[in-house]
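**Q** Mind the numbering: the sequence shown is residues 2 to 642 in the numbering used here, read in order. Glycine residues also receive a C-beta, built at the ideal position from the N, C-alpha and C atoms. Keep in mind that this is a model prediction, so the values were computed, not measured.
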Amino acid sequence: MSTVKASPRKMDFSFLWKVFGIAFFVYLFFGFMLLPCLNTLKQIFTAKNAAGEVDPLAVIRFFFAGNMPSFVWNSLKLALALVVTVNVVGVSIVLLTEYFDIKGARILRLGYMTTLIYSGVALVTGYLFLYDSDGIITTWLANTFPEMNKSWFTGFNAVLFTMTFACTSNHALFLRNAIRGIDYNTVEAARNMGASPFRVLLKVVFPTLIPTMFSLTVMTFITGLCAMSAPTLLGYNSINPEIVRLAGSSVADEAFPQARAALLSIILAMFTIILLTVLSSYERKGHYLSVSKTKAKLVKQKITNPVANVLAHIYAYVLWIIYMTPVVMIVIFAFQNYSAIKLKTFSWDSFTLVNFIGKQDYEYMTSRGKLRTRVGQISGVFSNEDTLGGIQTSFILSALAAALACVIVVVAVNYIFKHKNKLRSTVLEYSLLFPWLLPTILICYSYRTYFNNTDVWYVLGENLYYRENVRFLIVMAYTVVKLPFALRMIKASYYAIDEELEDAAKNLGASEWRTFMRVKLPIILPSVLAVFALNFNALFTEYDMGATFQSSYGKTYAMVIQNMCAEEGRDGYNVNATGRRNASTVFIMAVSGLILYLVYGVGARDLGERLEAKEKRRRMYQKVTAKLRLNKPKPEYHMRP
2 MSTVKASPRK MDFSFLWKVF GIAFFVYLFF GFMLLPCLNT LKQIFTAKNA
52 AGEVDPLAVI RFFFAGNMPS FVWNSLKLAL ALVVTVNVVG VSIVLLTEYF
102 DIKGARILRL GYMTTLIYSG VALVTGYLFL YDSDGIITTW LANTFPEMNK
152 SWFTGFNAVL FTMTFACTSN HALFLRNAIR GIDYNTVEAA RNMGASPFRV
202 LLKVVFPTLI PTMFSLTVMT FITGLCAMSA PTLLGYNSIN PEIVRLAGSS
252 VADEAFPQAR AALLSIILAM FTIILLTVLS SYERKGHYLS VSKTKAKLVK
302 QKITNPVANV LAHIYAYVLW IIYMTPVVMI VIFAFQNYSA IKLKTFSWDS
352 FTLVNFIGKQ DYEYMTSRGK LRTRVGQISG VFSNEDTLGG IQTSFILSAL
402 AAALACVIVV VAVNYIFKHK NKLRSTVLEY SLLFPWLLPT ILICYSYRTY
452 FNNTDVWYVL GENLYYRENV RFLIVMAYTV VKLPFALRMI KASYYAIDEE
502 LEDAAKNLGA SEWRTFMRVK LPIILPSVLA VFALNFNALF TEYDMGATFQ
552 SSYGKTYAMV IQNMCAEEGR DGYNVNATGR RNASTVFIMA VSGLILYLVY
602 GVGARDLGER LEAKEKRRRM YQKVTAKLRL NKPKPEYHMR P
């Protein structure tokens, strides 16, 4: 029996490819994950005191002697309050649309899920447009109650209100799936045994939701602890805004600014790691529920008590109004001219597209009573250089980072599945999940301080925070932060690959590269594209990293939107910022809505559903064209005499 030997050229190429892959992942993990964070930890214990001597405990003593604990307490207070308010509202919107029989549930569901298409800085600026000192609702209330405080929408209450309705998107997605997965036979059995609707909800429905609710509670707590855009724009002193402020300070301004920022980052990381560890240990325990052999689809429950039914409908539509008011007002005033937006009045005569495209002259009166004109000062989103520059920067950097994260994870997951149950594959997987344990602000702050010099040898001594280099730093931060999500999603898609297909390709003589390109990649490609789209959608308006890396050479779209919240129109500068802000939010909604439709709408269909939809469109087209032919008047023919 003869044996076929592999050619030396192929063996050399395979060996070089493995060496390059190992070197790249070691470089990525140590160079852009571990070493920057260790440098941040080192800053705490290498700070110098007033005498110029290294004092390991100087920052810690300063922490307890100053007001720094107040920032930690403020973040904890916000996180604890959000756990209560977000769960109450989140559970309410899911029960009202999926469990109880409420009239207009589909319309309610669309309103409750609007936070999926705009979030972060875009959502906060939307609430500012309504409730700020010169916001629409505040202006209307001030006209009705002249003595009211126009600056009421600031601080803790404003942040809590905004984030309560902004953070229910996870409930709308995951808790909704959990409710729809309830076995109706268990609900019906409890009702037949004489249990009241409230008792059924408490004893049958809620126990099945406990695992999902626990995960959502932990993630909500982490979200509140690491909140950035809402506290910054609404004026609340929490940890993240203070870290960004200290990162831009120096020892000439205050004591230990960098070391204090590092200490706050490490405190935030400790909270995050502890909470995620608790969540992981809870999930590993497993959960067992009693269900019938033949599972029945859940039937919506009618509220038999007429008073409770009316109150439930009122509550549902009050929540719907709260969710929809910012969206409706932003869309309406995105098409109003500068005067209408400034006066907070709506008129069909004021309809314009200048907030999106085009320019107009701006006239204003100076303090000396002279009329001045600034040519083309009123500009739209796609006509304003700063705004368009922010869109282009965020688009390019987000696309590069999302693509790079997908490429890295696809290669890594392919290696993990090829070497299952081996130590090196486990080490690789946990290395890529490492950023999941750390707050985004810690990674970004570590990058900003560690790479802001020419002493890092493995980046060729380049200062990555200097001028245009900051764009590369932003791409790397974007990529590292999104690696855990990409790994979990793409790894799940790999389980759909039949190993027999891979064996058949190898038996036919296909190389590993050809097998991957022709067999594996086509199967996982829809999931990879979905991960790319979702990561791009999240990064396009990302605020935390943009605020940490703020630079004139790397100003992202989120930072441009924040600048639109500054004082408007003074001396003819920053004119029509509110109009561009509204138009920007509409643009973000359109982009996010399209991406979510492509991922969860078209992308979620299998081949049979796509062919059925195509056939349905063809029949609809034939039906419409047939009606048009019938309604078309027949030509009259006249006989010649």
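Taking the alpha carbon of Met229 as the reference point, which residue from Arg630, Val561 and Gly547 has its own alpha carbon closest?
**A** The residue you call residue 229 lines up with position 228 of the sequence shown. Minimum Cα distance to Met229 is reached at Gly547.
**Q** Using only the alpha-carbon positions, how far apart do Tyr479 and Leu202 sit?
**A** Residue 479 sits at position 478 when you count from the first residue of the sequence shown. Residue 202 sits at position 201 when you count from the first residue of the sequence shown. Distance between the alpha carbons of Tyr479 and Leu202: 42 Å.
**Q** Opposite Lys556 in the DSSP bridges: which residues?
**A** Reading the sequence shown from its first residue, position 555 is the one you call residue 556. BP columns for Lys556 are empty, so no partner.
**Q** Could you give the first and the last residue of the continuous alpha helix (DSSP H) run that contains Glu54?
**A** As a working note, residue 54 is residue 53 in the sequence shown. Glu54 -> no alpha helix (DSSP H), and no H or E assigned at all.
**Q** If you measure between the beta carbons of Val481 and Phe33, is that distance less than 8 Å?
**A** By 1-based counting over the sequence shown, the position of residue 481 is 480. By 1-based counting over the sequence shown, the position of residue 33 is 32. Yes; because the gap between Cβ atoms is below 8 Å, this pair is in contact.
**Q** Checking the sheet assignment: what are the DSSP bridge partners for Arg375?
**A** In the sequence shown, residue 375 corresponds to position 374, counting from 1. Arg375 pairs with Tyr363.
**Q** Quick check: the stretch 241-260 against the stretch 55-64, are there 3 or more CB pairs under 8 Å?
**A** Yes, the stretch 241-260 touches the stretch 55-64.
**Q** Could you pull the DSSP bridge partners for Ser380 from this structure?
**A** Reading the sequence shown from its first residue, position 379 is the one you call residue 380. Paired residues: Lys360.
**Q** Taking 8 Å as the cut-off, decide whether the C-beta atoms of Phe357 and Gly390 are in contact.
**A** Working through the sequence shown from its first residue, we reach residue 357 at position 356. Working through the sequence shown from its first residue, we reach residue 390 at position 389. Going by C-beta atoms, Phe357 is not nearer than 8 Å to Gly390.
**Q** Can you tell me the Cβ-Cβ gap for Tyr318 and Phe166, rounded? I've got them flagged as a contact below 8 Å.
**A** For the purposes of this step, residue 318 is identified with residue 317 of the sequence shown, where counting begins at 1. For the purposes of this step, residue 166 is identified with residue 165 of the sequence shown, where counting begins at 1. No, Tyr318 and Phe166 are not in contact; Cβ-Cβ is about 15 Å, not under 8 Å.
**Q** In the DSSP assignment, find the alpha helix (DSSP H) that holds Arg472 and state where it starts and stops.
**A** Sequence index remark: in the sequence shown, residue 472 carries index 471 (1-based). That run of the alpha helix (DSSP H) goes Asn470 to Tyr495.
**Q** Pull up the distance between the alpha-carbon of Tyr601 and that of Ala413, whole angstroms please.
**A** Position 600 of the sequence shown, counted from the first residue, corresponds to residue 601. Position 412 of the sequence shown, counted from the first residue, corresponds to residue 413. For Tyr601 and Ala413, the distance between alpha carbons rounds to 25 Å.
**Q** Rounded to whole angstroms, what is the Cα-Cα separation between Ser432 and Val125?
**A** Numbered from its first residue, the sequence shown carries residue 432 at position 431. Numbered from its first residue, the sequence shown carries residue 125 at position 124. Between Ser432 and Val125, the C-alpha separation is close to 34 Å.
**Q** For the alpha helix (DSSP H) that Ser230 lies in, which residues bound it at each end?
**A** Mapped onto the sequence shown, residue 230 falls at position 229. Note, Ser230: alpha helix (DSSP H), Ser230 to Leu235.
**Q** Excluding five sequence neighbours on each side, which residues of the same chain lie with their C-beta closer than 7 Å to the C-beta of Val87?
**A** Indexing the sequence shown from 1 puts residue 87 at position 86. These residues qualify, in order along the chain: Thr165, Cys168, Thr169 and Thr221.
**Q** How would you call Leu96, buried or exposed, if buried means at least 16 neighbouring beta carbons within 10 angstroms?
**A** As a first step, residue 96 must be located in the sequence shown, where it is residue number 95. With 16 or more Cβ atoms within 10 Å of its Cβ, Leu96 is classed as buried.
**Q** Mind checking His172: buried by the 16 CB within 10 Å criterion, or exposed?
**A** Here residue 172 refers to the residue found at position 171 when the sequence shown is read from its first residue. Answer is buried; the Cβ neighbour count reaches 16.
**Q** For the stretch 36-49 against the stretch 443-450, are there 3 or more C-beta pairs whose distance is under 8 Å?
**A** Enough Cβ pairs lie closer than 8 Å, so yes.
**Q** Please tell me whether Leu643 and Ile183 are closer than 8 Å, where the distance is taken between their beta carbons.
**A** Since the first and last residues shown for the chain are 2 and 642, residue 643 lies out of range.
**Q** To the nearest whole angstrom, what separates the beta carbons of Thr542 and Val122, a pair I think is in contact under 8 Å?
**A** In the sequence shown, residue 542 corresponds to position 541, counting from 1. In the sequence shown, residue 122 corresponds to position 121, counting from 1. Indeed, because the Cβ distance is near 6 Å, the residues count as touching under 8 Å.
**Q** May I ask you to report which of helix, strand or coil DSSP gives Gln337?
**A** Numbered from its first residue, the sequence shown carries residue 337 at position 336. Reduced to three states, the DSSP call for Gln337 is strand.
**Q** Taking C-alpha atoms, which residue in Val410, Leu210 and Val576 lies nearest to Ile379?
**A** Looking up residue 379 in the sequence shown gives position 378. The shortest Cα separation from Ile379 among Val410, Leu210 and Val576 belongs to Val576.
**Q** Can you tell me whether Gly136 is buried or exposed? The criterion is at least 16 other CB atoms within 10 Å of its CB, across all chains shown.
**A** In the sequence shown, the residue the question calls residue 136 occupies position 135. Gly136 comes out buried.
**Q** Can you confirm whether the stretch 528-538 touches the stretch 480-496 when touching is taken to mean that 3 or more C-beta pairs between the two stretches lie within less than 8 Å?
**A** Touching, yes.
**Q** Which two residues bound the contiguous alpha helix (DSSP H) that contains Cys407?
**A** What you label residue 407 is simply residue 406 of the sequence shown in a count that begins at 1. Glu386 to Lys419 is the extent of the alpha helix (DSSP H) around Cys407.
**Q** According to DSSP, is Gln551 helix, strand or coil?
**A** Residue 551 sits at position 550 when you count from the first residue of the sequence shown. If DSSP states are grouped into helix, strand and coil, Gln551 belongs with coil.
**Q** Does DSSP put Phe146 in a helix, in a strand, or in coil?
**A** On the sequence shown, residue 146 is found 145 positions in, with the first residue counted as 1. Looking at Phe146 - three-state DSSP - the assignment turns out to be coil, as it is neither helix nor strand.
**Q** Should Ile45 and Leu264 be called a contact, given that it needs their Cβ atoms to be closer than 8 Å?
**A** Your numbering for residue 45 matches position 44 in the sequence shown. Your numbering for residue 264 matches position 263 in the sequence shown. Yes; because the gap between Cβ atoms is below 8 Å, this pair is in contact.
**Q** Would DSSP call Phe352 helix, strand or coil?
**A** For the purposes of this step, residue 352 is taken as residue 351 along the sequence shown, with counting starting at 1. If DSSP states are grouped into helix, strand and coil, Phe352 belongs with the strands.
**Q** Below 8 Å, can you find three or more Cβ-Cβ pairs linking the stretch 467-476 to the stretch 543-562?
**A** With the cut-off at 8 Å, the stretch 467-476 and the stretch 543-562 touch.
**Q** Looking at the unbroken alpha helix (DSSP H) that takes in Lys345, where does it start and where does it end?
**A** Numbered from 1 along the sequence shown, position 344 holds the residue referred to as residue 345. Lys345 -> no alpha helix (DSSP H), and no H or E assigned at all.
**Q** Check whether the Cβ atoms of Arg449 and Tyr466 sit closer than 8 Å, and answer yes or no.
**A** Numbered from 1 along the sequence shown, position 448 holds the residue referred to as residue 449. Numbered from 1 along the sequence shown, position 465 holds the residue referred to as residue 466. In contact: Arg449 and Tyr466 (Cβ atoms closer than 8 Å).
**Q** Start and end of the alpha helix (DSSP H) containing Trp514?
**A** Looking up residue 514 in the sequence shown gives position 513. First-last of the alpha helix (DSSP H) with Trp514: Glu513 to Thr516.
**Q** By the three-class DSSP mapping on this structure, what secondary structure does Phe704 have?
**A** Because the chain in this structure spans residues 2 to 642, residue 704 falls outside the shown range and cannot be described.
**Q** Quick one: is Tyr544 buried, meaning 16 or more other Cβ sit within 10 Å of its Cβ, or exposed?
**A** Start at 1 with the first residue of the sequence shown, and residue 544 comes out as number 543. Per the 10 Å Cβ criterion, buried.
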